[in-house]
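Residue numbers (this note's numbering): 7 to 332.
Here the structure is laid out as C-alpha cells; the discussion comes afterwards.
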C-alpha cells in the first residue's frame, strides 16, 4: 500500500498508529535498498580489472655445447648468476691430447714440405744442366759430331728431370694440403676447448638444474634454466572488444597481492599483443568462458625489489588513451 494510503487509513481510524508507522518504515527501507542496489550495479564495472593473468619471466635453457665429463657445475636453484659467469666446465683432457697429436702431425707435414722444397731446388739445377747438355749435343749432332744415340740420351735425361720436378711439386702440394688440414682440425679442437666452458648468458636467477658435477653430458644436453627477474611479464587475456584499446607501449596498472592482505599497484607497459585469437586458457577460465575467444597480451613490469614471482596472479587495468596522451 502506498504511503498516502496508509496515512489516509490511519486518519479514518482503519489502522492503528503503530501499524501505520511500521508499514511506512518498511516501505522506506525497501526504497533505500533499491537505491543501493542501483548504485552498486552502476559502480561495479568501474571496479573490475580489464584483464587477469599471471607473471612470467622469459627463461633460457642453457645446454652443453661439447660432450664430456662435467668437472665443475656452479648453478644452484634460486641463486643469482651474473652474465658471463662460468656456469659449468667440461673436461678438455681428450681434446687437448688430440690437439697435441695434430700439432705433431703438422710438424711432420711442415718437415716434408721443407724437404720437398729443397728437392725441387736440386732437381731444377740438374734439369738446367741437362737442358744445356741436350742443346749442346743437338748442335754437335747437327754438325755430325755427335751420334743420334747421344742426342736421344741427353733429351731423355732432360725430360725425366722435368717429370721428377712435376712429381715433386705434386708432393709439395699434397704436403701443404696436409698442413692446412691439420690447421683446420686444430682450429676446430681449440673451438671445442673454448666452448667446454659454459658461460651464463643472462644476468638472472637459476630456476632449475638438470645436471651435476661429475656427470657425463652430451652436446646439446640441457644443464640448467635461468631467467632474468629484474623485469617480469604479465601474460593476460583481453576480449576482442578491448583489443582496439590495447596498443604496444600503452601504460597499464598491474595489481598484485602484498603482505597482510594488502594490494600493491605497479606500473607496466604493453610489450606484445597476439595476432591471433585463442580460447580462454584453462588456468583462468570459468565455466561460462570456455568457448570465449580472447587475445593474449604481455605487460612488462619492473621488478627491482624482486617481489614479483613467476606464476603470481595479477590484475591489470589499462590506462585510458586520453590519460596516457596527457
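From the three backbone atoms N, C-alpha and C, an ideal C-beta is built for every residue, glycine too.
Apply the 10 Å Cβ neighbour rule to residue 198 and answer buried if 16 or more other Cβ atoms are within range, or exposed otherwise. Mapped onto the chain shown, residue 198 falls at position 192. When all chains shown are included, residue 198 counts as buried.
Once you ignore the five residues that flank residue 153 on each side, which residues in its own chain have a CB closer than 8 Å to its CB? Translated into positions along the chain shown, residue 153 becomes position 147. Same-chain partners within the cutoff: 147.
Nearest residue (CA-CA) to residue 244, options 283, 81, 104: If you number the chain shown from 1, residue 244 lands on position 238. Selected option, being the one with the closest Cα: 283.
Provide the residue(s) that pair with residue 74 in DSSP beta bridges, ordered along the chain. The residue you call residue 74 lines up with position 68 of the chain shown. The partner list for residue 74 (beta bridge, DSSP) reads 223.
What number of angstroms, rounded off, separates the C-alpha of residue 184 from the C-alpha of residue 230? Residue mapping note: residue 184 aligns to position 178 of the chain shown, counting from 1. Residue mapping note: residue 230 aligns to position 224 of the chain shown, counting from 1. Those two C-alpha atoms are separated by around 41 Å.
DSSP state of residue 38 mapped onto helix, strand, coil: As a first step, residue 38 must be located in the chain shown, where it is residue number 32. Because residue 38 carries a pLDDT of 38, less than 50, the predicted location of this residue cannot be relied on, and the following value inherits that uncertainty. Of the three classes helix, strand and coil, the one that applies to residue 38 here is helix, per DSSP.
From the DSSP output, read off the bridge partner residues of residue 3. As displayed, the chain neither begins before 7 nor continues past 332, which places residue 3 out of reach and without an answer.
In three-state DSSP terms, what is residue 62? For this step, residue 62 is matched to residue 56 along the chain shown. Three-state DSSP puts residue 62 in a strand.
Which listed residue (317, 206, 177, 205) has its alpha carbon closest to that of residue 120: Counted from its first residue, the chain shown places residue 120 at position 114. Looking at the Cα atoms, 177 is the closest of the given residues.
Alpha carbon of residue 205 to alpha carbon of residue 320, nearest angstrom: Mapped onto the chain shown, residue 205 falls at position 199. Mapped onto the chain shown, residue 320 falls at position 314. Roughly 34 Å separates the two Cα atoms.
Residues bridged to residue 238 [DSSP beta-bridge criterion]: Residue mapping note: residue 238 aligns to position 232 of the chain shown, counting from 1. Answer is 307, bridged to residue 238.
Do residue 196 and residue 108 have their C-beta atoms closer together than 7 Å? Taking the first residue of the chain shown as position 1, residue 196 is located at position 190. Taking the first residue of the chain shown as position 1, residue 108 is located at position 102. In this structure, residue 108 does not lie closer than 7 Å to residue 196 by Cβ.
Could you tell me the distance, in whole angstroms, from the CA atom of residue 215 to the CA atom of residue 221? If you number the chain shown from 1, residue 215 lands on position 209. If you number the chain shown from 1, residue 221 lands on position 215. Looking at the two C-alpha atoms, the distance is approximately 13 Å.
Indicate the three-state DSSP secondary structure (helix, strand or coil) for residue 322 in the structure shown. Numbered from 1 along the chain shown, position 316 holds the residue referred to as residue 322. Assigned with DSSP and collapsed to three states, residue 322 falls in strand.
Mind checking which residues open and close the beta strand (DSSP E) that includes residue 263? Taking the chain shown and counting its residues from 1, the one referred to as residue 263 is at position 257. Looking at the DSSP string, the run of the beta strand (DSSP E) that includes residue 263 is 257 to 263.
Nearest to residue 110 (by Cα), restricted to the options 138, 187, 248, 169: Looking up residue 110 in the chain shown gives position 104. Closest by alpha carbon: 187.
For residue 131, name the three-state secondary structure that DSSP assigns. As a working mapping, residue 131 is identified with position 125 in the chain shown. In the structure shown, residue 131 sits in a helix (DSSP, three-state: H, G or I).
Buried or exposed for residue 324, going by 16 or more other Cβ atoms inside 10 Å? Looking up residue 324 in the chain shown gives position 318. It is buried - the Cβ of residue 324 has at least 16 other Cβ atoms within 10 Å.
If residue 95 sits next to residue 201, beta carbons under 8 Å apart, how far is it from one beta carbon to the other, in whole angstroms? Counted from its first residue, the chain shown places residue 95 at position 89. Counted from its first residue, the chain shown places residue 201 at position 195. The Cβ separation is near 11 Å, so there is no contact.
Residue burial classification, residue 239 (beta-carbon count within 10 angstroms, cutoff 16): Within the chain shown, numbered from 1, the residue matching residue 239 stands at position 233. By the neighbour-count criterion, in which 16 or more other beta carbons inside 10 Å mark a residue as buried, residue 239 falls on the buried side.
Under 7 Å Cβ to Cβ from residue 255, same chain only, skipping five residues before and after it: list those, please. As a position in the chain shown, residue 255 is number 249, starting the count at 1. Same-chain partners within the cutoff: 275, 276.
From residue 125 to residue 169, what does the alpha carbon distance come to, in whole angstroms? Counting from 1 along the chain shown, the entry for residue 125 is found at position 119. Counting from 1 along the chain shown, the entry for residue 169 is found at position 163. Taking the straight line joining both Cα atoms gives about 13 Å.
Using the beta-carbon count (16 or more within 10 Å), is residue 106 buried or exposed? Looking up residue 106 in the chain shown gives position 100. That one is exposed.
From 303, 60, 87, pick the residue whose C-alpha is nearest to that of residue 279; which is it? As a first step, residue 279 must be located in the chain shown, where it is residue number 273. Answer by Cα proximity: 303.
Our contact map puts residue 83 next to residue 212 with C-beta atoms below 8 Å; I'd like the distance itself, whole angstroms only. Here residue 83 refers to the residue found at position 77 when the chain shown is read from its first residue. Here residue 212 refers to the residue found at position 206 when the chain shown is read from its first residue. Going by Cβ atoms, the distance from residue 83 to residue 212 rounds to 5 Å, so yes, they are a contact pair.
Using a Cβ-based criterion (distance less than 6 Å to any ligand heavy atom), does residue 81 qualify as near the ligand NAD? With respect to the ligand NAD, the structure shown offers nothing to examine, as it has no ligands at all.
Return the chain-ordered list of same chain residues with a C-beta closer than 7 Å to the C-beta of residue 209, the five sequence neighbours on each side being excluded. Along the chain shown, one-based indexing puts residue 209 at 203. Result list for residue 209: 88, 89, 234, in chain order.
Can you tell me whether DSSP reads residue 274 as helix, strand or coil? Position 268 of the chain shown, counted from the first residue, corresponds to residue 274. Residue state, collapsed to three classes: strand.
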